[in-house]
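Asks:
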Amino acid sequence: MIDKSDLNGKILFDDGEHKFIWLGADTDSRRGVVQTMQYLIIDKGRGWLLDPGGTHLFSRVVACTSRYISLDRIEGIFFSHQDPDVSSGIALWLGITPAKIWISDLWLRFLPHFGLVDTSRVTGIESSGKGITLGSGARFSFVPTHFMHSPGAFSLYDERSRILFSGDVGAAVFPEGQDQLFNDDFAQVLPYAEGFHKRYIASNAVARRWCEIVGRIDPSMIAPQHGAIYRGPAVKGFLAWLSGLRCGLDLIDELYK
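Just so you know, our numbering puts 251 at position 254 of the sequence shown, and the rest follows in order with no gaps.
1) Measuring only the C-alpha atoms, how far is glycine 174 from threonine 142?
2) What's the call for valine 203, buried or exposed, on a 16-neighbour Cβ count within 10 Å?
3) Give me the Cβ distance between serine 77 and phenylalanine 144, rounded to the nearest whole Å; I'm assuming they're in contact under 8 Å.
4) Name the two residues that bound the continuous alpha helix (DSSP H) containing alanine 259.
5) Tell me, to the nearest whole angstrom, how far the beta carbon of leucine 68 is from that of alanine 88; I am working on the premise that it is less than 8 Å.
6) List in chain order: all unbroken alpha helix (DSSP H) runs of 4+ residues lying wholly within the region 48 to 74.
7) Which stretch, first to last residue, makes up the alpha helix (DSSP H) that contains isoleucine 214?
8) State the Cα-Cα distance for the pair arginine 27 and glycine 224, rounded to the nearest angstrom.
9) In three-state DSSP terms, what is tyrosine 253?
10) Return the first residue and the last residue of the beta strand (DSSP E) that arginine 136 is part of.
11) Does chain B have any CB closer than 7 Å to the CB of glycine 21?
12) Out of Trp207, Glu209, Val166, which one is the CA nearest neighbour of glutamine 222?
13) Helix, strand or coil for alanine 258 per DSSP?
14) Just to confirm before moving on: does the CB-CB distance between glycine 121 and aspartate 102 stay below 7 Å?
15) Out of curiosity, what's the CA-to-CA distance linking glutamate 191 and alanine 169?
16) From what residue to what residue does the alpha helix (DSSP H) around tryptophan 90 run?
17) Looking only at its own chain, which residues have a Cβ that is under 7 Å from the Cβ of arginine 70, when we skip the five neighbours before and after it?
18) Given a threshold of 16 other Cβ atoms within 10 Å of its Cβ, counted over all protein chains shown, does glycine 6 qualify as buried or as exposed?
19) In the DSSP output, which residue or residues are listed as bridge partners for threonine 120?
20) On a CA-only basis, which of Lys97, Gln79, Phe137, Ile93 is nearest proline 109? Give me that one, please.
21) Applying the criterion that 16 or more other CB atoms from any shown protein chain within 10 Å of the CB defines a buried residue, is phenylalanine 107 buried or exposed?
22) To the nearest angstrom, report how far apart glycine 13 and leucine 46 are at their CA atoms.
23) In angstroms with no decimal places, state the Cα-to-Cα distance between threonine 130 and arginine 136.
24) Buried or exposed for arginine 252, going by 16 or more other Cβ atoms inside 10 Å?
25) Put histidine 15 into one of helix, strand or coil per three-state DSSP.
26) Look up leucine 131 in the DSSP assignment and say whether it is helix, strand or coil.
27) Buried or exposed for alanine 237, going by 16 or more other Cβ atoms inside 10 Å?
Here it is in structure tokens:
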């Protein structure tokens, strides 16, 4: 279980100038609400939020973020894809921060449905990904994660901390009361991750391609939006499993039985 002392956040990396922070747990126990995880990167006093979440989480994420940085120092917000649990709070965040938004250019025309009127602070990420270099010299790489599950999705690799924020990839749904923050042995998480990946990822071809890219990056941690943060042996364990997984279209005949 997640320790109560960590409910308000935990620093995953800190070298004095650069921090990667998990922004705590949602204690809302309402049935049917998917548990989500939000992250904050602080680089030389400037902040980036990663998938800050939907409207019902807004006040909690604001409170947690404010413990680490002033909201007027948030310069960027990254959305891995368009799902409402990821991005439905976008208009609220633009209202209280000076941040610029980064999201797949495939989803720019959908953002007004979340109440976004002014798109002048929104940048579309082209399909090939690339990345961005901050004023300090730190670099984020946008890793194409298309069809896993969204046709326009990205992971974000923070090169300084060597942590990969993977969005929905790596997601696990734990039984009530059994949430965990870290996982060092992927076999323990497999029963809670397998169903999601088999149904939501389009095919083994796209999963294998993503694993090849991430394997070359060699992150120290993989931090998904749901479930547990993979570290140590769990990183390679997860990638080895996912690269060989039959999923999506590979199982289409079974779905129509």
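Ideal placement from N, C-alpha and C gives every residue a C-beta, glycine not left out.
Replies: The answer reads as follows:
1) 30 Å
2) buried
3) Between phenylalanine 144 and serine 77 the Cβ distance is about 13 Å, and since that is not below 8 Å, they are no contact.
4) Any question about residue 259 goes unanswered here, given that the chain covers just -2 to 254.
5) Going by Cβ atoms, the distance from leucine 68 to alanine 88 rounds to 15 Å, so no, they are not a contact pair.
6) 55 to 63
7) 201 to 214
8) With a pLDDT of 49 at arginine 27, under the threshold of 50, the modelled position of this residue cannot be trusted; read the value that follows with caution. About 17 Å.
9) DSSP places tyrosine 253 outside both helix and strand once states are collapsed to three, so it counts as coil.
10) 136 to 141
11) Reference to chain B is not applicable here, since this structure consists of a single protein chain.
12) The residue with the shortest Cα to Cα distance from glutamine 222 is Val166.
13) What the structure shows of the chain is the stretch from -2 to 254, and residue 258 is not part of that stretch, so it cannot be assessed.
14) Going by beta carbons, glycine 121 and aspartate 102 fall inside the 7 Å limit.
15) 8 Å
16) 87 to 93
17) Gly42, Arg43, Gly44
18) buried
19) Trp99
20) Gln79
21) exposed
22) Computed Cα separation, rounded: 19 Å.
23) 4 Å
24) For the record, residue 252 in the displayed sequence is leucine; it is not arginine. It counts as exposed.
25) strand
26) coil
27) Burial call: exposed.
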